[in-house]
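S.K.:
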Amino acid sequence: MALRNILIHPDPRLKKVADPIASVTDDLRRLADDMLETMYHAPGIGLAAPQVAVMDRMLVMDCAKEEDATPEPMVLINPQIVWTSEDRSVYDEGCLSIPDQYAEVERPAEVEVEWMGLDGKTTRARFDGLWATCVQHEMDHLDGKLFIDYLKPLKRQMITRKMQKLKREMARG
Ligand code: K2U
Ligand code: ZN
-16 MALRNILIHP
-6 DPRLKKVADP
4 IASVTDDLRR
14 LADDMLETMY
24 HAPGIGLAAP
34 QVAVMDRMLV
44 MDCAKEEDAT
54 PEPMVLINPQ
64 IVWTSEDRSV
74 YDEGCLSIPD
84 QYAEVERPAE
94 VEVEWMGLDG
104 KTTRARFDGL
114 WATCVQHEMD
124 HLDGKLFIDY
134 LKPLKRQMIT
144 RKMQKLKREM
154 ARG
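Quick note on numbering: the sequence shown equals residues -16 to 156 in the numbering used here.
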């Protein structure tokens, strides 16, 4: 198990479309473990492989973040949305690749997703509430899309400039 470095926006790798995964290997299992460890450490409730510079279509999430909730780690490989609700919901989203920036994003309130698990089996499940928001946020990462892409250009530019300043300061150490 190892913590992975989380890429910070702007970074070209966060805008790329990730590649489908052909088979579950030991390396992929190790990546999933590292992504879960990195996510819990952040802390976060989701993380997509491109955020740790791996251009594979895999995401992890655990939205059971209530203090006393038992962890419910999920690993989704090659996820596809197969149904979305008419209803939409708005959530004040953040992103581990865009630290300390939050903005309201509207998305379908419920989604049904089909994916392959680490056991190689195909699964389907319906997500609502925070799980629905999170899985859509993570699946956007697999297509090089960030939550700020849903904002007005001026707001997006403001956040991008703040991240560029943060990265300059981080580079100075
Ligand atoms: O993908 C990521 O960067 C992790 C995201 C996942 C997420 C964003 C918006 C809404 C739901 C999930 C977050 O940074 S995880 C941090 C967090 C924690 C609790 C509630 C919302 C976001
Ligand atoms: Zn994110």
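In this text, a Cβ means the ideal position worked out from N, Cα and C, and glycines have one as well.
Give the secondary structure of P62 by DSSP, where H, G and I count as helix, E and B as strand, and everything else as coil.
M.R.: Three-state result, P62: strand.
S.K.: Using only the heavy atoms of the ligand K2U, determine whether one of them is closer than 7 angstroms to the beta carbon of Y23.
M.R.: Y23 Cβ: outside cutoff for every heavy atom of the ligand K2U.
S.K.: Once DSSP output is grouped into helix, strand and coil, what is the label at M57?
M.R.: Looking at M57 - three-state DSSP - the assignment turns out to be strand.
S.K.: Indicate the three-state DSSP secondary structure (helix, strand or coil) for R107 in the structure shown.
M.R.: Strand at R107.
S.K.: In three-state terms, what does DSSP make of A52?
M.R.: Coil.
S.K.: Where does G29 fall in DSSP's three states?
M.R.: G29: strand per DSSP, three-state reduction.
S.K.: Please state whether DSSP places L69 in a helix, a strand or coil.
M.R.: Sequence check: residue 69 is Glu here, not Leu. DSSP places E69 in coil when its eight states are reduced to three.
S.K.: Going by Cα to Cα distance, which pick from R144, P62, E121 is closest to Q34?
M.R.: Out of R144, P62, E121, E121 has the C-alpha closest to the C-alpha of Q34.
S.K.: Provide the residue span of the alpha helix (DSSP H) that contains R144, from first to last.
M.R.: R144 -> alpha helix (DSSP H) spans 136 to 155.
S.K.: I'd like to check one pair, D70 with A92: are the Cβ atoms closer than 8 angstroms?
M.R.: In contact: A92 and D70 (Cβ atoms closer than 8 angstroms).
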